[in-house]
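Asker: Each protein sequence line maps, in turn, to chains A and B.
Okay, so the first sequence: first residue is 109 according to the working numbering, each after it adds one.
Okay, so the second sequence: first residue is 109 according to the working numbering, each after it adds one.
From the three backbone atoms N, C-alpha and C, an ideal C-beta is built for every residue, glycine too.
Since this is a predicted model, take the numbers as computed values, not measurements.
The structure's right below; bear with me while I get my questions together.
Protein chains: 2
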Amino acid sequence: MKCKICNGVAQIELRNHNIALCKNDFFNFFERRVSQTITRYKLFDKKDRILIAVSGGKDSLSLLYVLNKLGFNCSGLYIHLGIGEYSEMSLKKCEAFVSKYNLELNVFYVTRFFGCGIYEIAKKMKRNSCSICGIIKRYVMNRFGLEAGFNVLATGHNLDDESAQLFGSLISFDLVRLEKEKILLPGKEKALKKVKPFSLITEREIAAYCIMNGIDYIYEECPYSKGATSLVYKSALNLVEERSPGTKLRFLKGFLEKGHIFKKNEQSLEDESKYCSNCRYLTYRDMCNFCIIADRLSRKDEVRVNFLNYIEKL
Amino acid sequence: MKCKICNGVAQIELRNHNIALCKNDFFNFFERRVSQTITRYKLFDKKDRILIAVSGGKDSLSLLYVLNKLGFNCSGLYIHLGIGEYSEMSLKKCEAFVSKYNLELNVFYVTRFFGCGIYEIAKKMKRNSCSICGIIKRYVMNRFGLEAGFNVLATGHNLDDESAQLFGSLISFDLVRLEKEKILLPGKEKALKKVKPFSLITEREIAAYCIMNGIDYIYEECPYSKGATSLVYKSALNLVEERSPGTKLRFLKGFLEKGHIFKKNEQSLEDESKYCSNCRYLTYRDMCNFCIIADRLSRKDEVRVNFLNYIEKL
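Spelled out as structure tokens, the structure:
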């Protein structure tokens, strides 16, 4: 197989783009597409301070790598979830990565703040781990980002994640969730602007980009993610992608182009938001979900007074 | 397993409804759901003359069976596609069925009208068989229905068909196709009202209903349908259904309830329709697709003058 650009030996075949590329041309192709996504959807520019949520996995580490390479001003935030060996290993991957590329990493330890890890918190709250984890991560990313002076939060969600999420929302005709599925969620008072620069890049392309760049990442998935419904949606879309390469890309692009038809309820959503009685951040109720957890674990005052002290800079 | 209604021995488990039923209670359940669909979506009533498109398969034969049993005024229309043994066998199933239940069957022979079968026509037109078949079937059903005094055309499309079709339209964000995906397409000048009373009933329920009622149908699929994209969409949805029984039903119901958000282009579609210069039936061009085929096969005048003579009543 020959590289479509330089005619050299191809290292990777991208069936969804109907091309094969050598290592260097794949890097160019990959970085140009990230760059085009950032420009086309006006995600951010060189003046912005970008906080990147890193987990130690391929998506987030390569996002930090590529945005840094493209010359953006960015730092990482790792949230240590207290999930035994999995959390230890993923923190080590992040540490090794930022030390190799001389980047900034901030770490929030769930166990130090709450006195126990995600699994125990979920048990105490009688909720499933994934929903508790989501609440904590979203809160910490947003609050730390705002208070530490960042103006954009970027996450490594890729095309496989985004198309599976979209499929799930469409299959249940969840119009409220469909409204929120954007490549850019604008910031507002007490809410950091959120962007997903990898929305149009597949998991496979990102893994290849990591491996070819020698970026060492954690292969294991979170032990609690097994059996997640999103994995079924991914498998279902993979069946269709296998048959018609490029389907996921067309699916998400179609949504980005025409998804405005789902925007009808926006007003009602906006109207509902108010400020948490404890921490003054956004909520739909009297107290935000993070403070409800903190309250149950007797850490309510700590949220108000001492939050930033739990972030360690490496 | 016990029947949820009468506590007798259950004959079928319906995971999507989370029930098991004996034969009699399954019949009641099935027929009540068809009846409710007809009422809820105002498909038709006892005063209507309903033409049912039958293929010899389980969906269409059981549709004719159940609508007749529920007391509706209905006749069958079989379109003989000239696909060798497959067409002969399916016609025989239809003939045996109507003779057993003393129902009316009308037959249109593609080969008599065009001088050859679907495969040869497709070859001459340089189109694929499925698209040619669709054009011919839609035209014959509509025109015969209108000219023979029917006011409703019913087809046996089931939940698996409809959810796969919907999935395909959503994945390509085909807003024009999404507009047309309705359980009821209202009639207008030169276009018969079209309905799909089995839209909320699964293929599996219909097969069970046929078998338990002793309805003999053709098991084979059309030899040209192999590899159709719709089969991939069905497999993808089956993966999700397997994991979360009832997904397809929720998916289609969600669309029927909230699908009006896709209706924006309706006006533009309506505007485009005009009348075929040869047969005076609806088209988006100067000549309708059926007459274009007839023209190529030198049967253009026959469409105008002699069409109804090609329908044989059994």
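Give the residues from the stretch 264 to 281 of chain A that approach chain B closer than 7 Å (Cβ to any Cβ), ordered along the chain.
Answerer: Listed by position, the residues of the stretch 264 to 281 of chain A near chain B (Cβ gap below 7 Å) are Leu278, Ile279, Ser280, Phe281.
Asker: Below 9 Å on C-beta distance, what does Arg358 (chain B) contact in chain A?
Answerer: Ile279, Ser280, Phe281, listed in chain order.
Asker: Measure the C-alpha to C-alpha separation of Asn266 (chain A) and Ile309 (chain A) and round it to an integer number of angstroms.
Answerer: One C-alpha to the other measures close to 6 Å.
Asker: Determine the direct distance from the alpha carbon of Lys245 (chain B) to that of Tyr160 (chain B), and round the result to whole angstroms.
Answerer: According to the sequence as given, residue 160 (chain B) is Ile; it is not Tyr. C-alpha separation (whole angstroms): 12 Å.
Asker: Determine, for Glu365 (chain B), whether the minimum Cβ-Cβ distance to residues of chain A falls below 9 Å.
Answerer: Interface residue, yes.
Asker: Would Tyr149 (chain B) count as contacting chain A if we go by Cβ distances under 9 Å?
Answerer: By this cut-off, Tyr149 (chain B) is not an interface position.
Asker: Do you know how far the Cα of Glu287 (chain B) is from the Cα of Ile226 (chain B)?
Answerer: Straight-line Cα distance between these residues: approximately 28 Å.
Asker: Using a Cβ distance threshold of 8 Å, determine whether the stretch 396 to 408 of chain A contacts the stretch 217 to 237 of chain A, with at least three qualifying pairs required.
Answerer: Segments in contact, yes.
Asker: Within 9 Å (strictly less), CB to CB, does Ile291 (chain B) reach chain A?
Answerer: Answer no: the Cβ-Cβ gap between Ile291 (chain B) and chain A never drops below 9 Å.
Asker: Go through its chain and collect everything with a Cβ distance to Leu360 (chain B)'s Cβ below 7 Å, but skip five positions before and after it.
Answerer: Hits under 7 Å: Leu267, Glu270, Ser271, Leu274, Ser307, Leu308.
Asker: Here's a check: name, in chain order, each residue in its chain whose Cβ is nearer than 6 Å to the Cβ of Gly295 (chain B), leaving out the five neighbours to either side.
Answerer: Result list for Gly295 (chain B): Lys301, in chain order.
Asker: Strictly under 9 Å for the Cβ-Cβ distance: is Ala230 (chain B) near chain A by that measure?
Answerer: False, the Cβ-Cβ gap to chain A never drops below 9 Å.
Asker: For the beta strand (DSSP E) containing Tyr186 (chain A), name the first residue and the last one.
Answerer: Here the beta strand (DSSP E) through Tyr186 (chain A) covers 181 to 188.
Asker: Is the Cβ of Ser239 (chain B) closer than 9 Å to any Cβ of chain A?
Answerer: False, the Cβ-Cβ gap to chain A never drops below 9 Å.
Asker: Judging by CA-CA distance, which residue of B:Leu278, B:Met249, B:Tyr317, B:Asp282 is the nearest neighbour of Val303 (chain B)?
Answerer: Nearest C-alpha to Val303 (chain B): B:Met249.
Asker: Are Leu292 (chain B) and Tyr149 (chain B) close, meaning C-beta to C-beta below 9 Å?
Answerer: In contact: Leu292 (chain B) and Tyr149 (chain B) (Cβ atoms closer than 9 Å).
Asker: If you follow the beta strand (DSSP E) that Ile401 (chain B) is in, where does it begin and where does it stop?
Answerer: Looking at the DSSP string, Ile401 (chain B) is not in any beta strand (DSSP E); the run it does join, the alpha helix (DSSP H), is 397 to 404.
Asker: Where are the beta strand (DSSP E) runs, 3 residues long or more, that stay fully inside the stretch 212 to 299 of chain A, in chain order?
Answerer: Runs of the beta strand (DSSP E) inside the stretch 212 to 299 of chain A: 213 to 217, 260 to 262.
Asker: Per DSSP, what kind of secondary structure is Tyr383 (chain B) in: helix, strand or coil?
Answerer: Of the three classes helix, strand and coil, the one that applies to Tyr383 (chain B) here is strand, per DSSP.
Asker: Going by C-alpha to C-alpha distance, which of B:Phe415, B:Asn397, B:Asp153 sits closest to Ile87 (chain B)?
Answerer: Any property of residue 87 (chain B) remains undetermined from this structure, which presents chain B solely from 109 to 422.
Asker: Check the Cβ of Thr310 (chain B) against every Cβ in chain A and list those closer than 7 Å, keeping chain order.
Answerer: In chain order: nothing, as chain A lies at least about 16 Å away.
Asker: Report whether the distance from the Cβ of Thr263 (chain A) to the nearest heavy atom of the ligand SAH is below 8 Å.
Answerer: This structure does not include the ligand SAH; it has no bound ligands of any sort.
Asker: Go through its chain and collect everything with a Cβ distance to Arg88 (chain A)'s Cβ below 8 Å, but skip five positions before and after it.
Answerer: Within the shown structure, residues of chain A are numbered from 109 to 422, placing residue 88 (chain A) beyond reach of any answer.
Asker: Return the chain-ordered list of same chain residues with a C-beta closer than 6 Å to the C-beta of Glu91 (chain A), the five sequence neighbours on each side being excluded.
Answerer: The structure shown has nothing for residue 91 (chain A), since chain A only spans 109 to 422.
Asker: When the cut-off is 9 Å and only beta carbons count, does Tyr341 (chain B) lie next to chain A?
Answerer: Yes, Tyr341 (chain B) counts as interfacial toward chain A.
Asker: Got a sec? Which residues, its chain only, sit under 8 Å from Leu416 (chain A) by beta carbon, not counting five neighbours each side?
Answerer: Result list for Leu416 (chain A): Phe252, Glu255, Ala256, in chain order.
Asker: Measure the C-alpha to C-alpha separation of Gly276 (chain A) and Phe137 (chain A) and round it to an integer number of angstroms.
Answerer: Roughly 30 Å between the two C-alpha positions.
Asker: With the cut-off set at 9 Å, would you say Asn214 (chain A) and Glu420 (chain A) are in Cβ contact?
Answerer: In this structure, Glu420 (chain A) lies closer than 9 Å to Asn214 (chain A) by Cβ.
Asker: For Asn414 (chain A), count neighbouring C-beta atoms within 10 Å of its own C-beta (all shown protein chains included) and say buried if the count is 16 or more, exposed if not.
Answerer: With fewer than 16 other Cβ atoms within 10 Å, it is exposed.
Asker: Using C-beta distances below 8 Å, list every residue in its chain close to Thr337 (chain B), excluding the 5 sequence neighbours before and after it, in chain order.
Answerer: Same-chain partners within the cutoff: Gly276.
Asker: Can you give me the Cβ contacts of Asn124 (chain A) inside the same chain, cut-off strictly under 6 Å, excluding the 5 residues immediately before and after it?
Answerer: Only Pro353, Gly354, Leu357 meet the Cβ criterion.
Asker: Checking contacts by CB at 9 Å: is Arg351 (chain B) closer than that to chain A?
Answerer: It does: the Cβ of Arg351 (chain B) has a partner Cβ on chain A nearer than 9 Å.
Asker: Which residues, in order along the stretch 317 to 348 of chain B, keep a beta-carbon less than 8 Å from a beta-carbon of chain A?
Answerer: Answer in chain order: Thr337, Val340, Tyr341, Ser343, Ala344, Leu345, Leu347, Val348.
Asker: Please report the straight-line C-alpha distance between Phe258 (chain B) and Arg312 (chain B), rounded to a whole angstrom.
Answerer: About 30 Å.
Asker: Use the C-beta contact count for His368 (chain B): other C-beta atoms within 10 angstroms, 16 or more gives buried, fewer gives exposed.
Answerer: Exposed is the call here.
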